[in-house]
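A.B. asks: First the structure, then my questions, so here it is.
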Amino acid sequence: MERTWTVTGTSLDLREAQRFAVAAAEAAGRVLWEGSRGDLNIREKGSAGDLVTDLDLAAERLIVDRIRRRFPDHEIFAEEGGRYAAEDGVWTWLVDPLDGTNNIAIGLPAYVVGLALCADRVPVLGVVHDPVSGRTWSAVHGHGVTVHSGATGPLPLRVPHRPVPAAPVLAWTQGHEVRRDDSTLRALKVVLDSTARRVLQLWAPLLSWVMLARGDIDGIIGYRPEAVDLPAGVLLAVEAGMVVRSLDGTEFDPRIGNPADRRSFVAGPPESIDRLVKLVTAAQWIEPEVRRLTPISLSSVGW
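In structure tokens, the structure reads:
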């Protein structure tokens, strides 16, 4: 099966890039798995409550070094190190070495490694590795999702049919810089909490995308999410047969480089995506009321 991708005069064998990315993510996962049992050296990152550990940095360094050796002309955007510029700027890797740092910091084994490769801003390869289960999910544009496991080897992902639920199980993700008093955020949460059977806030968006791709949950809502893990997650979901839309129901633009207000999304199976869009658009009707309510601050309760 031909998987060569050509853009602006340069070509890349995505099958080779897929093997490379899976191996790099799994190598980083071994660093995380072994290091998670020791001293994490946790530090705050920014003023929004995000954290960074030595594991984030070690896993990122491993992945970035491998990319720079194998694809020296490719650009890289890494969660901790930022941008590593390249001459052509056609091929761009996005690296999230530890998606779920806040989880691992409190001993919760819910974290993954994420990689994406974009061609002229369009995601064409996505990889998510779970060091806890030892499984990896990879997606190539137009070629579905592959599950990599040491026990069975690479196999196509089979998504079981799930009937449309009366009350869905949803995952929620938001960007680190979203303020607690953001009225759109608060209105969305009121609607979801009052209509969904359960709303998962995993602190590891890529893990939520894997759960959606597998059919474990009924949808994901993202409000101004972080940019580095979004391309891999969206590609996994779409290649598993899911649909991703903007919050107003219009077509979602998966290209990298979009501002935060254009990254908000709702994702789910095709048979229920319209119902999910109706849920999130209902938030606009209550937002004026929510805006009038003053959120409780930590200082007001003596924290």
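Take the sequence shown: its letters are residues 6 to 308, numbered as in my numbering. Every residue, glycine too, gets a C-beta built ideally from N, C-alpha and C.
Nearest by alpha-carbon distance to Leu212: which of Trp96, Val145 and His134 is it?
C.D. replies: His134
A.B. asks: My output table needs one value for Pro236: the three-state DSSP class, helix, strand or coil.
C.D. replies: The answer is helix: DSSP assigns Pro236 an H, G or I state.
A.B. asks: Let me know if Glu231 comes out buried or exposed under the rule of 16 or more other beta-carbons within 10 Å of its beta-carbon.
C.D. replies: buried
A.B. asks: Taking the straight line between their C-alpha atoms, what separation do you get for Glu21 and Asn46?
C.D. replies: 36 Å
A.B. asks: Just to check my reading of the structure: Leu201 and Leu175 have Cβ atoms closer than 8 Å, yes? What is that Cβ distance to the nearest angstrom?
C.D. replies: Note on residue identity: the sequence assigns Ala, not Leu, to residue 201. The Cβ separation is near 5 Å, so the contact holds.
A.B. asks: When DSSP labels each residue in this structure, what does Ser16 get in the three-state scheme?
C.D. replies: strand
A.B. asks: Do you know offhand how far Leu113's Cα is from Arg268's?
C.D. replies: 28 Å
A.B. asks: Does the Cβ of Ser16 have 16 or more other Cβ atoms within 10 Å, making it buried, or fewer, making it exposed?
C.D. replies: exposed
A.B. asks: So, is the C-beta of Leu160 closer than 7 Å to a C-beta in chain D?
C.D. replies: Of the chains in the structure shown, none is chain D; there is only one protein chain.
A.B. asks: Considering only C-alpha positions, which residue in the set Asp279, Pro264 and Val196 is nearest to Val295?
C.D. replies: Of the candidates Asp279, Pro264 and Val196, the one whose C-alpha sits nearest the C-alpha of Val295 is Val196.
A.B. asks: Give the straight-line distance between the Cα atoms of Glu256 and Arg250, rounded to the nearest whole angstrom.
C.D. replies: 5 Å
A.B. asks: Helix, strand or coil: how does DSSP classify Gly34 here?
C.D. replies: helix
A.B. asks: Between which residues of its own chain and Asn108 is the CB-CB distance below 7 Å, once the five residues before and five after are set aside?
C.D. replies: These residues qualify, in order along the chain: Ala115, Tyr116, Trp208 and Ala209.
A.B. asks: Quick one: using the 10 Å Cβ neighbour count with 16 as the cut-off for buried, is Pro102 buried or exposed?
C.D. replies: Of the residues assessed, Pro102 falls on the buried side of the cut-off, its CB having 16 or more other CB atoms within 10 angstroms.
A.B. asks: If you draw a straight line from the alpha carbon of Thr178 to that of Leu205, how long is it in whole angstroms?
C.D. replies: 9 Å
A.B. asks: Just the C-alpha distance for Asp78 and Val169, rounded to the nearest angstrom, thanks.
C.D. replies: 46 Å
A.B. asks: Do three or more CB pairs link the segment 31 to 46 to the segment 56 to 71 at distances below 8 Å?
C.D. replies: yes
A.B. asks: CB-CB under 8 Å to Trp189, same chain, minus the five flanking residues each way: which ones, in chain order?
C.D. replies: Contrary to the premise, residue 189 reads as Thr rather than Trp in this sequence. Answer for Thr189: Tyr228, Ala288 and Glu292, listed in chain order.
A.B. asks: In chain order, what residues of the same chain have a beta carbon less than 7 Å from the beta carbon of Ala265, not counting five sequence neighbours either side?
C.D. replies: Closer than 7 Å at Cβ, skipping near neighbours: Gly180 and Arg229.
A.B. asks: Under the rule that 16 or more other beta-carbon atoms within 10 Å means buried, what is His146, buried or exposed?
C.D. replies: That one is buried.
A.B. asks: Hey, how far is the Cα of Arg140 from the Cα of Arg297?
C.D. replies: 46 Å
A.B. asks: On the DSSP bridge assignment, give the partners of Phe82 in chain order.
C.D. replies: Phe82 is bridged to Arg88 and Leu99.
A.B. asks: Using DSSP with H/G/I as helix, E/B as strand and the rest coil, what is Trp177?
C.D. replies: strand
A.B. asks: Can you say whether Leu284 is buried or exposed, counting buried as having 16 or more other CB atoms within 10 angstroms of its CB?
C.D. replies: buried
A.B. asks: Do you know offhand how far Trp127's Cα is from Asp44's?
C.D. replies: Reading off the sequence shown, one finds Val at residue 127, where the question assumed Trp. Using only the alpha carbons, I get a separation of about 38 Å.
A.B. asks: Give the range of the alpha helix (DSSP H) segment to which Ile261 is assigned.
C.D. replies: If you look at Ile261, you'll find it isn't in any alpha helix (DSSP H); DSSP assigns it neither H nor E.
A.B. asks: In its own chain, which residues sit with a C-beta less than 6 Å from the C-beta of Met6, not counting the 5 before and 5 after it?
C.D. replies: Reliability of the predicted coordinates at Met6 is poor, the pLDDT of 45 falling under 50, and no value is obtained from them.
A.B. asks: From which residue to which residue does the beta strand (DSSP E) around Ala201 run?
C.D. replies: First-last for Ala201: undefined, no H or E at that position.
A.B. asks: Tell me which residue opens and which closes the alpha helix (DSSP H) that Glu292 is part of.
C.D. replies: Ala288 to Arg297
A.B. asks: Can you tell me whether DSSP reads Ile3 as helix, strand or coil?
C.D. replies: Nothing can be reported for residue 3: it is not among the residues displayed for the chain, which extend from 6 to 308.
A.B. asks: Name, in chain order, the residues that DSSP records as bridge partners for Thr151.
C.D. replies: Ser143 and Pro161
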